[in-house]
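Each remark here refers to the structure printed beneath this line.
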Amino acid sequence: MKRKPKLKLIWTLIGLALALLHLMPLYIAVTVAFKKTTDLSSRWQFPSYLYWDHFKDAIATGHLLRAFGNSLILTVATATLLVLVGSVTAYPLARIKTRLSRSLMNVILGVMMIPTLSIIVPLYSMMQQFQAINTYWGIILVLTTFNLPLCIFLYANFINTIPKELDEAAKVDGCGSYRLFYQIILPQLKPVTAAVIILKGLKVWNDYEFPLYFMQKPQNQTITLAISHFFSDTSSYFGSASAAALMAVVPVVIIFLALQKNFISGLSEGAVK
Amino acid sequence: MTRNKYTARLQLYSMCIPAFILFGTFVFYPLLRGVRISFTDWNGFSQHYSFIGLDNYRKLIIDPNIRTAFINTLIYGIGSTIVQNVWGLLYALLFNRKFAGRNLVRAAVYLPVLISGLIMGYIWYFLLQYSGGALNDLLTVFGVGPIDWLAEHRRAVGLILFITSLQFVGQSMVIYLAGLQTISKSYYEAAELDGARRWSRFIHITLPLLSPAIITNVTLKLIGGLQLFDLIVALTNGGPGFSTHSFSTLINYLYFVNQNAGYSSTLGLVLFLFIMAITISVNKVLYKREVEY
Chain A
1 MKRKPKLKLI WTLIGLALAL LHLMPLYIAV TVAFKKTTDL SSRWQFPSYL
51 YWDHFKDAIA TGHLLRAFGN SLILTVATAT LLVLVGSVTA YPLARIKTRL
101 SRSLMNVILG VMMIPTLSII VPLYSMMQQF QAINTYWGII LVLTTFNLPL
151 CIFLYANFIN TIPKELDEAA KVDGCGSYRL FYQIILPQLK PVTAAVIILK
201 GLKVWNDYEF PLYFMQKPQN QTITLAISHF FSDTSSYFGS ASAAALMAVV
251 PVVIIFLALQ KNFISGLSEG AVK
Chain B
1 MTRNKYTARL QLYSMCIPAF ILFGTFVFYP LLRGVRISFT DWNGFSQHYS
51 FIGLDNYRKL IIDPNIRTAF INTLIYGIGS TIVQNVWGLL YALLFNRKFA
101 GRNLVRAAVY LPVLISGLIM GYIWYFLLQY SGGALNDLLT VFGVGPIDWL
151 AEHRRAVGLI LFITSLQFVG QSMVIYLAGL QTISKSYYEA AELDGARRWS
201 RFIHITLPLL SPAIITNVTL KLIGGLQLFD LIVALTNGGP GFSTHSFSTL
251 INYLYFVNQN AGYSSTLGLV LFLFIMAITI SVNKVLYKRE VEY
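Chains as they are written, first to last, in the UniProt record's numbering: chain A, 1 to 273; chain B, 1 to 293.
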């Protein structure tokens with residue numbers, strides 16, 4: 001069956017219209033960020049000039065670079081821990097098929113459903129006792145814990161697809177479980193590791209709840225906190241606030257465009273099998 | 001030999017220890033501690049507090065703000081699950097066709113998924129603002145008076161649902177697109193030979209074979225929607241009044257602003273049980289319908 005080319009053009013037009021609908025909020029943010037505060041023309045109208053002062057202002061008054069640094073530290077450290085702990089935990093759970101391992105897996109999936117805010121009161125008071133508020137290690141451990149279940153799940157699904165015969169052969173050669181994991185299994189986990197880093201890196205970068213509670217000092221602020229302060233404190237300077245928001249989005253978008261294929265497969269990895 | 005096997009297995013299980021230390025410290029212990037706090041009138045920082053039994057639980061039942069938050073949480077949770085799944089599936093079917101610019105369109109729909117809900121909420125303020133907001137600008141062109149978009153609570157709740165769906169529908173779409181790739185073309189060819197119509201092909205082939213993708217999407221959206229927090233904080237902060245609060249934002253409010261840690265903790269436990277119950281029962285229904293061909 002051949003379709004007429006005319007019909008295809010219609011799909012392209014519909015597709016582009018929908019694409020514009022989804023990009024519209026970002027477009028508005030761009031026009032607000034690039035317009036002078038005195039420019040009262042409609043936000044739909046793109047300015048005939050590009051005014052960069054809002055961006056400079058956002059960097060200077062909002063301490064955005066410091067916030068970028070903090071978010072980067074949290075993201076890299078958490079993603080690293082997630083890869084290490086996630087893969088190590090998934091291996092036995094994927095390889096042993098007993099009642100115990102299955103119930104451990106169910107416990108992990110249950111943890112995935114626990115809303116962050118539902119235990120924030122006891123968690124916060126506990127962290128206070130540990131003197132972990134406003135420390136990097138405190139929030140990194142919390143972020144790791146709450147993001148771990150999905151990582152274990154993805155790793156376990158992937159390890160299930162690696163043939164068991166490899167393990168058996170290594171065992172015959174006298175290889176212990178730990179060495180077996182590091183030498184045989186770990187090198188094969190690259191695709192799912194990419195997915196975990198992309199998915200969870202994004203999650204941690206965009207996270208708001210945990211930093212809101214655990215990173216309250218100005219010098220510890222993450223990018224989401226810095227932006228929320230921008231919008232609530234200087235509500236009259238929309239231009240700078242919008243510029244700050246765009247600057248938080250741009251690095252993510254650049255990484256997305258560069259790694260588009262991994263991004264999409266990362267998201268649907270293990271989802272449809 | 002059996003002994004060897006036993007130690008090998010023990011060695012394997014020992015690899016789970018770090019993860020379970022983390023879960024124990026940062027999830028299970030706080031959960032138990034939360035139960036204890038829920039029986040007190042603790043304010044969140046004082047050394048002194050007293051046990052008040054079930055008072056927090058009694059208060060919870062009659063508190064009208066909790067009722068509103070409960071209904072809103074259901075709307076955000078179930079609503080965004082239904083809206084984003086139907087919408088995402090439609091997009092997946094639409095953008096699975098071959099047309100010029102297909103990848104560009106898919107990328108554009110997916111792009112907002114990368115952005116923090118908080119930032120998206122603040123950006124939407126530029127559209128919804130009463131004077132000078134982009135939407136009201138558009139309305140004036142058509143001669144309709146400006147609307148105070150977030151002033152009326154039903155409309156505000158609806159807008160929150162719409163904005164979060166518009167932002168995250170790309171995620172459902174991508175998962176459904178991946179699901180569609182797993183369906184072999186031979187099923188459709190066979191059905192066509194049998195003279196099955198397009199609608200019946202969709203109902204009898206596409207939908208059942210998409211069930212893994214449906215399960216993933218429904219679970220993801222339920223968990224995300226029932227926990228909705230940052231978008232509400234950015235858009236309405238629970239207002240006007242308490243009318244757009246979800247459980248999550250109300251817990252935050254009671255703890256941070258009201259300094260009612262005991263009550264906030266009680267609400268947290270209820271939210272926890274509530275989400276567990278919904279997710280488990282929805283999953284039971286879904287897994288029952290899963291098919292394999």
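Idealized CB from N, CA, C, for every residue including glycine.
**Report entry** Inter-residue Cα distance where the pair is B:F247 and A:R102
**Finding:** Their backbone Cα atoms lie some 31 Å apart in a straight line.
Query raised in the report: So which residues on chain A does B:Y122 lean against when the C-beta distance must stay under 9 Å?
Result: In chain order, A29, I227, S228, F230, F231, A241, S242 and A245 make up the part of chain A whose C-beta sits under 9 Å from the C-beta of B:Y122.
Report task. Reducing DSSP to helix, strand and coil, say where B:F51 ends up. Result -> Three-state result, B:F51: strand.
Report task. Compare the C-beta of A:K273 against all C-beta atoms of chain B and say whether one is closer than 8 Å. Result -> Confidence at A:K273 is low in this model, with a pLDDT of 49, below 50, so its placement is unreliable and the value that follows should be read with caution. With a threshold of 8 Å between beta carbons, A:K273 makes contact with chain B.
**Report entry** Extent of the continuous alpha helix (DSSP H) to which A:Q128 belongs
**Finding:** Judged by DSSP secondary structure, A:Q128 falls within the alpha helix (DSSP H) whose first and last residues are I120 to Q129.
Query raised in the report: Is the segment 75-94 of chain A touching the segment 145-159 of chain A, taking contact as three or more C-beta pairs under 8 Å?
Result: Because the criterion of three Cβ pairs below 8 Å is met, the segment 75-94 of chain A and the segment 145-159 of chain A touch.
Requested in this report: Spell out whether any CB of chain A is found under 8 Å from the CB atom of B:V257.
Outcome: False, the Cβ-Cβ gap to chain A never drops below 8 Å.
Query raised in the report: the segment 158-172 of chain B: which residues have C-beta closer than 9 Å to a C-beta of chain A, in chain order?
Result: Taking 9 Å as the Cβ-Cβ cut-off against chain A, the residues of the segment 158-172 of chain B that qualify are I163, L166, Q167, V169, G170 and Q171.
Report task. Please confirm if the segment 212-226 of chain A is in contact with the segment 34-51 of chain A, defined as three or more CB-CB distances below 8 Å between the two stretches. Result -> Contact between the segment 212-226 of chain A and the segment 34-51 of chain A is absent, with fewer than three C-beta pairs closer than 8 Å.
Query raised in the report: Where in the segment 164-245 of chain B do unbroken runs of the alpha helix (DSSP H), each at least 4 residues long, occur, reported from the N-terminal end onward?
Result: DSSP runs (the alpha helix (DSSP H)) wholly in the segment 164-245 of chain B: 185-193, 198-201, 211-226 and 230-235.
Query raised in the report: Within 10 angstroms of its Cβ, does A:K56 collect 16 or more other Cβ (buried), or is it exposed?
Result: It counts as exposed.
Query raised in the report: So with Cβ pairs under 8 Å, would you call A:S71 a contact of chain B?
Result: No, because no Cβ of chain B sits closer than 8 Å to the Cβ of A:S71.
Query raised in the report: Name the chain A residues whose beta carbon is nearer than 9 Å to that of B:P18?
Result: Going along chain A in sequence order, the residues near B:P18 (Cβ under 9 Å) are L84, V85, V88 and T89.
Query raised in the report: Who pairs with B:T40 in a beta bridge, going by DSSP?
Result: DSSP, once it has assigned bridges, lists B:F51 as partnering B:T40.
Requested in this report: Using 10 angstroms around the beta-carbon of residue 274 of chain A, count the other beta-carbons present and answer buried if the total reaches 16, otherwise exposed.
Outcome: Because chain A in this structure spans residues 1 to 273, residue 274 of chain A falls outside the shown range and cannot be described.
Query raised in the report: Are at least three pairs of beta-carbons, each pair with one atom in the segment 132-146 of chain A and one in the segment 68-82 of chain A, less than 8 Å apart?
Result: Yes: the two stretches touch, three or more of their Cβ pairs being nearer than 8 Å.
Query - Between the CA atoms of A:R66 and B:M173 - distance to the nearest angstrom - result: As the crow flies, the alpha-carbon of B:M173 is around 36 Å from that of A:R66.
Report task. Hey, could you find the ends of the alpha helix (DSSP H) A:L199 is sitting in? Result -> Start and end: K190 to N206.
Query raised in the report: Within 10 angstroms of its Cβ, does A:K36 collect 16 or more other Cβ (buried), or is it exposed?
Result: With a threshold of 16 other beta carbon atoms within 10 Å, A:K36 falls short and is exposed.
Query raised in the report: If you draw a straight line from the alpha carbon of B:A261 to that of B:T236, how long is it in whole angstroms?
Result: Roughly 23 Å between the two C-alpha positions.
Query - Under 8 Å between C-beta atoms of residue 298 of chain A and A:T78 - result: Residue 298 of chain A lies beyond the stretch modelled for chain A, which goes from 1 to 273, so this question has no answer here.
Report task. Could you tell me how far apart the beta carbons of B:G225 and B:S80 are, in whole angstroms, since I believe they sit closer than 8 Å? Result -> About 4 Å; that satisfies the 8 Å criterion.
**Report entry** Burial state of B:K185, where buried means 16 or more other Cβ atoms lie within 10 Å
**Finding:** Counting other Cβ atoms within 10 Å of its Cβ, B:K185 stays below 16 and is therefore classed as exposed.
**Report entry** Counted within 10 angstroms of its Cβ, other Cβ atoms place B:N4 as buried (16 or more) or exposed
**Finding:** The residue in question, B:N4, is exposed, as its Cβ has fewer than 16 Cβ neighbours within 10 Å.
Query raised in the report: Under the rule that 16 or more other beta-carbon atoms within 10 Å means buried, what is A:L20, buried or exposed?
Result: By the neighbour-count criterion, in which a residue is buried when 16 or more other Cβ atoms sit within 10 angstroms of its Cβ, A:L20 is exposed.
Query raised in the report: Would DSSP call B:A100 helix, strand or coil?
Result: In the structure shown, the three-state DSSP call for B:A100 is coil.
Query raised in the report: Does the segment 120-135 of chain B come close enough to the segment 227-235 of chain B that 3 or more CB-CB pairs lie under 8 Å?
Result: Short answer: they touch.
**Report entry** Separation of A:T145 from A:K273, as counted between CA atoms
**Finding:** For A:K273, the predicted model reports a pLDDT of 49, less than 50, meaning its position is unreliable; a value from the coordinates is still stated below. Roughly 25 Å separates the two Cα atoms.
Query raised in the report: Taking 8 Å as the CB-CB limit, is B:I82 close to chain A?
Result: Not one chain A Cβ lies under 8 Å of B:I82.
Requested in this report: Note down, in chain order, each residue of its chain lying with its Cβ closer than 7 Å to the Cβ of A:E209, except the 5 sequence neighbours on either side.
Outcome: Excluding residues within five positions, the ones whose Cβ falls inside 7 Å are T116 and L117.
Query raised in the report: So the alpha helix (DSSP H) B:W87 belongs to, where does it begin and stop?
Result: S80 to F95 is the span of the alpha helix (DSSP H), which, as asked, contains B:W87.
Query raised in the report: For the segment 40-55 of chain B, which residues have a beta carbon sitting closer than 9 Å to at least one beta carbon of chain A?
Result: W42, G44 and F45: these are the residues of the segment 40-55 of chain B whose beta carbon lies less than 9 Å from some beta carbon of chain A, given in chain order.
Query raised in the report: Any idea what DSSP makes of A:Y49, helix, strand or coil?
Result: Under the three-state reduction of DSSP output, A:Y49 falls in the coil class, being neither helix nor strand.
Requested in this report: Would you check if the distance between the CB atom of A:V32 and the CB atom of B:F126 is smaller than 8 Å?
Outcome: With contacts defined as CB atoms closer than 8 Å, A:V32 and B:F126 qualify as a contacting pair.
Query raised in the report: Straight-line CA distance for B:Y6 to B:Y13?
Result: Cα-Cα distance, rounded: 11 Å.
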